[in-house]
């Protein structure tokens, strides 16, 4: 039985695209997220994206998902008085897709503790730094300002602490003397597109599990 993925996005969805391709669900290929049809031979992991949710209706990632035949939903956070009520509404949509794993892929909202608890151990995020360095925003410029020789990205389980959950895997890129935040970001993004599908593949294969150390 393929691992069922729900992906949360706010923007272009480039990591979503990498995941779709790893699942054999890129646009124009057979199978879709709802029928459970087998992925084509290009798939590198036994997983399916069964739904994509965005808090922005102009997120290009929604177009990527629709072109791949994946169900989508939009839930604007501006229509809710607080984080908890928005997250509760979001969980209702997510649960209809019956995910095994919820994947944050450029989802630019801080999640409530109740939401994180609901999906504990099956909620993943990718962050553009070598955690625990540079939690939060503007990570590429911060790495340059610090004179770092290496930068990269991290996939981690999500906990209530912002960018603070257990790190699963990291990809390292060299910082070049001529780098700007934009050029460094481009190389980190390329690394993200390799790392995230690899980690999800470990979950699909049963090689990775969350262990609550409380």
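In the numbering used here, the protein residues as written are 126 to 339.
The beta carbon of each residue, even a glycine, is placed where N, CA and C say it ideally should be.
Exercise for the section: Excluding the 5 residues preceding and the 5 following residue 191 in the sequence, name in chain order all residues of the same chain whose CB lies nearer than 8 Å to its CB. Expected result: Position 66 of the chain shown, counted from the first residue, corresponds to residue 191. The residues are 197.
Exercise for the section: Could you tell me how far apart the beta carbons of residue 243 and residue 216 are, in whole angstroms, since I believe they sit closer than 8 Å? Expected result: What you label residue 243 is simply residue 118 of the chain shown in a count that begins at 1. What you label residue 216 is simply residue 91 of the chain shown in a count that begins at 1. Sure, about 6 Å apart at Cβ, within 8 Å.
Exercise for the section: Look at the Cβ atom of residue 260, then the Cβ atom of residue 289, and state whether they are nearer than 9 Å. Expected result: For this step, residue 260 is matched to residue 135 along the chain shown. For this step, residue 289 is matched to residue 164 along the chain shown. Yes. Within cutoff.
Practice task
Quick one: grab the DSSP three-state call for residue 330.
Solution key: Your numbering for residue 330 matches position 205 in the chain shown. In the structure shown, residue 330 sits in a helix (DSSP, three-state: H, G or I).
Exercise for the section: Give the straight-line distance between the Cα atoms of residue 174 and residue 301, rounded to the nearest whole angstrom. Expected result: Residue numbering aside, residue 174 sits at position 49 when the chain shown is read from its first letter. Residue numbering aside, residue 301 sits at position 176 when the chain shown is read from its first letter. Their backbone Cα atoms lie some 36 Å apart in a straight line.
Problem - Continuous beta strand (DSSP E) assignments of at least 3 residues falling wholly in the region 177 to 245 - result: 197 to 199 and 226 to 229
Problem - Closest residue to residue 265 among 298, 249 and 281 (Cα-Cα distance) - result: For the purposes of this step, residue 265 is taken as residue 140 along the chain shown, with counting starting at 1. Here the closest residue by C-alpha is 298.
Practice task
Can you give me the start and stop residues for the alpha helix (DSSP H) that residue 270 sits inside?
Solution key: Counting from one through the chain shown, the residue named residue 270 turns up at place 145. Where residue 270 is concerned, the enclosing alpha helix (DSSP H) stretches over 264 to 270.
Exercise for the section: With DSSP as the reference, label residue 146 as helix, strand or coil. Expected result: Numbered from its first residue, the chain shown carries residue 146 at position 21. Looking at residue 146 - three-state DSSP - the assignment turns out to be helix.
Practice task
Determine the direct distance from the alpha carbon of residue 294 to that of residue 155, and round the result to whole angstroms.
Solution key: Locating residue 155 in the chain shown gives position 30, counting from the first residue. Locating residue 294 in the chain shown gives position 169, counting from the first residue. Annotation note: pLDDT 42 at residue 155 (below 50); position unreliable, coordinate value reported separately. Cα to Cα, residue 155 sits roughly 31 Å from residue 294.
Exercise for the section: Decide if residue 287 is buried, meaning its Cβ has at least 16 other Cβ atoms within 10 Å, or exposed. Expected result: As a working note, residue 287 is residue 162 in the chain shown. That one is exposed.
Exercise for the section: Throw me the rounded Cβ distance for the residue 199 and residue 182 pair, which I believe falls under 8 Å. Expected result: As a working note, residue 199 is residue 74 in the chain shown. As a working note, residue 182 is residue 57 in the chain shown. Right, their Cβ atoms sit about 5 Å apart.
Handout entry: From 317, 180 and 253, residue whose alpha carbon lies closest to that of residue 218
Key = Taking the chain shown and counting its residues from 1, one reaches residue 218 at position 93. Residue 218 has its Cα closest to that of 180, out of 317, 180 and 253.
Handout entry: Contact under 9 Å by Cβ, residue 324 with residue 276
Key = Along the chain shown, read from residue 1 onward, the residue named residue 324 stands at position 199. Along the chain shown, read from residue 1 onward, the residue named residue 276 stands at position 151. No, Cβ-Cβ distance for residue 324 and residue 276 is not below 9 Å.
Practice task
Could you tell me how far apart the beta carbons of residue 345 and residue 139 are, in whole angstroms, since I believe they sit closer than 8 Å?
Solution key: Missing from the structure shown is residue 345; the chain here goes from 126 to 339 and no further.
Problem - Beta-carbon proximity list for residue 273, same chain, < 6 Å, skipping 5 on both sides - result: Working through the chain shown from its first residue, we reach residue 273 at position 148. Excluding residues within five positions, the ones whose Cβ falls inside 6 Å are 300.
Problem - Extent of the continuous beta strand (DSSP E) run through residue 277 - result: Start at 1 with the first residue of the chain shown, and residue 277 comes out as number 152. From DSSP, the beta strand (DSSP E) with residue 277 extends over 275 to 282.
Handout entry: DSSP-derived helix/strand/coil call for residue 306
Key = On the chain shown, position 181 is the one that residue 306 refers to. Residue 306: helix per DSSP, three-state reduction.
Exercise for the section: Would you mind giving the Cβ-Cβ distance between residue 189 and residue 142, rounded to the nearest angstrom? I have them listed as a contact below 8 Å. Expected result: Within the chain shown, the letter at position 64 stands for residue 189. Within the chain shown, the letter at position 17 stands for residue 142. Indeed, because the Cβ distance is near 5 Å, the residues count as touching under 8 Å.
Exercise for the section: Pull up the distance between the alpha-carbon of residue 396 and that of residue 282, whole angstroms please. Expected result: What the structure shows of the chain is the stretch from 126 to 339, and residue 396 is not part of that stretch, so it cannot be assessed.
Handout entry: Cut-off 6 Å between Cβ atoms - residues of its own chain near residue 253, not counting five sequence neighbours on either side
Key = Numbered from 1 along the chain shown, position 128 holds the residue referred to as residue 253. Contacts found: 264, 278 and 313.
Exercise for the section: For my contact list, residue 269 and residue 306 are in at a C-beta cut-off of 8 Å; report their separation, rounded to the angstrom. Expected result: Along the chain shown, read from residue 1 onward, the residue named residue 269 stands at position 144. Along the chain shown, read from residue 1 onward, the residue named residue 306 stands at position 181. About 6 Å separates the two Cβ atoms, so the contact holds.
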